[in-house]
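As structure tokens, the structure follows; a few thoughts come after it.
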Amino acid sequence: MTQYAGQPPGGGAWAAVVLISVSTLAGAWLARRASGRLTVWLAVASAVMLIVALTDMLPDAWRDAAETGVPLWVVGIAVAFGFLVVTYFTRRGCACPSESGGRPGGAHAPGRHRRLKDAVNAALFGGMGTAAALTVHRAIEGATLALTASAVMVVALMVHSASEGLALAALLDLAGQRLAPWLVVSCASPVAGVLVATVRPLPAQAVPVLLGTVTGVLLRTAMVGLRLATGGKGEGGLSRRQLAFAALVAITVGVFLAMSH
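Residue numbers (this note's numbering): -9 to 251.
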């Protein structure tokens, strides 16, 4: 990945940044608009994030590492680090009713409030992890767009920006946290990336390490989202039809991203 400082970004780069930001906002709007089906959209967004991390971000990190001479094991450690950090904070985040062994009691069953609190904590840290990963990833995307902004790249970024915005809104909604500040940061970070790329680009060797860390964060966040969305069988859990829909959307996005590469 070769970058040249001091070159002003073209109009295509700024247009791409606007489209990516709009896609993020659209995903978040959809999550809030269809709050009655929040678990469905959370499952869709989490599945898409999982596919994006595996078919888009990880190959990018791998390719950049090969181009810049960064050992692949360093990228692997970065992925593991990002994954384990989010795992630590969300390790008690499964709100599965089945954990109680089917004991009766409804909303006041023993341990139910603790499990719900754990689920909220998982959603909170999952949402914060997504927000942090989005900020770093979008800055890197902005730096890339400052150099090249092909139509295929922009469309691919729009697709997974919408899914990330949707997942971010869904997780923070479950955690009862404000969404607006994180949306502002996630939309502003590509602008910062474009500006930084034109003034003082990141060292080429740092990019695959950052991408690896972000990949690990999003992988774990996607898993948390899927667990939260599918954990409540009989209590708002997803039907087979809804799961099939989430899988179909994720696979379609994965195929598109693979073709764009």
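Even glycine gets a Cβ: it sits at the ideal position worked out from N, Cα and C.
Taking the C-alpha atoms as reference points, what is the distance between residue i and residue j?
i      : j      : result
Val65  : Trp52  : 7 Å
Ser13  : Ala68  : 28 Å
Ala219 : Ala33  : 6 Å
Val7   : Arg27  : 29 Å
Gly132 : Ser151 : 13 Å
Thr45  : Gln167 : 30 Å
Val30  : Gly202 : 28 Å
Val75  : Leu200 : 14 Å
Arg231 : Val144 : 31 Å
Leu40  : Leu208 : 7 Å
Ala234 : Pro198 : 33 Å
Ala5   : Gly155 : 19 Å
Phe246 : Met148 : 12 Å
Ala109 : Tyr78  : Any answer about Ala109 is weak, because its pLDDT of 46 lies below 50 and its placement is not dependable; what the coordinates show is given next. Those two C-alpha atoms are separated by around 14 Å.
Gly101 : Gly244 : Caution applies to Gly101, whose pLDDT of 43 falls short of 50 and renders its modelled position unreliable; the model cannot decide the point.
Asp50  : Ala248 : 11 Å
Ser229 : Arg210 : 23 Å
Ala182 : Leu9   : 15 Å
Ile253 : Arg217 : Because the chain here runs from -9 to 251, residue 253 falls outside it and cannot be looked at.
Phe71  : Ala170 : 28 Å
Val204 : Thr242 : 22 Å
Are there 16 or more other CB atoms within 10 angstroms of the CB of residue i, so buried, or fewer, so exposed?
i      : result
Arg128 : buried
Ala3   : buried
Ser153 : buried
Met47  : buried
Ser179 : buried
Ala18  : buried
Arg104 : Residue placement at Arg104 is flagged as unreliable, the pLDDT there being 43, under the threshold of 50; the coordinate-derived value follows with that caveat. Classification of Arg104: exposed, given that the 10 Å Cβ count is below 16.
Leu106 : Per-residue confidence for Leu106 stands at a pLDDT of 38, beneath the threshold of 50, marking its modelled position as unreliable; the derived number appears in the next sentence. By the neighbour-count rule (16 or more Cβ atoms within 10 Å), Leu106 is not buried but exposed.
Leu62  : exposed
Val60  : buried
Val189 : exposed
Arg23  : exposed
Is the beta carbon of residue i less than 8 Å from the beta carbon of residue j?
i      : j      : result
Gly206 : Phe73  : yes
Trp172 : Leu158 : yes
Ser36  : Cys177 : no
Ala43  : Ala212 : yes
Val38  : Ala237 : no
Val175 : Thr125 : yes
Asp163 : Ala21  : yes
I'd like to confirm something about residue i: is its beta-carbon nearer than 7 Å to some heavy atom of the ligand FMN, or not?
i     : result
Leu48 : What this structure holds is no ligand at all, so the ligand FMN is not there to describe.
Item checked: Within the segment 30 to 88, ranges of the beta strand (DSSP E) (whole runs, at least 3 residues) -> none
Check: Between the segment 191 to 198 and the segment 41 to 60, do three or more beta carbon pairs fall short of 8 Å?
Finding: yes
Next item on the list: May I have a chain-ordered list of the alpha helix (DSSP H) segments no shorter than 4 residues that lie completely inside the segment 132 to 213?
Entry: Complete alpha helix (DSSP H) runs here, min 4: 141 to 165 and 170 to 189.
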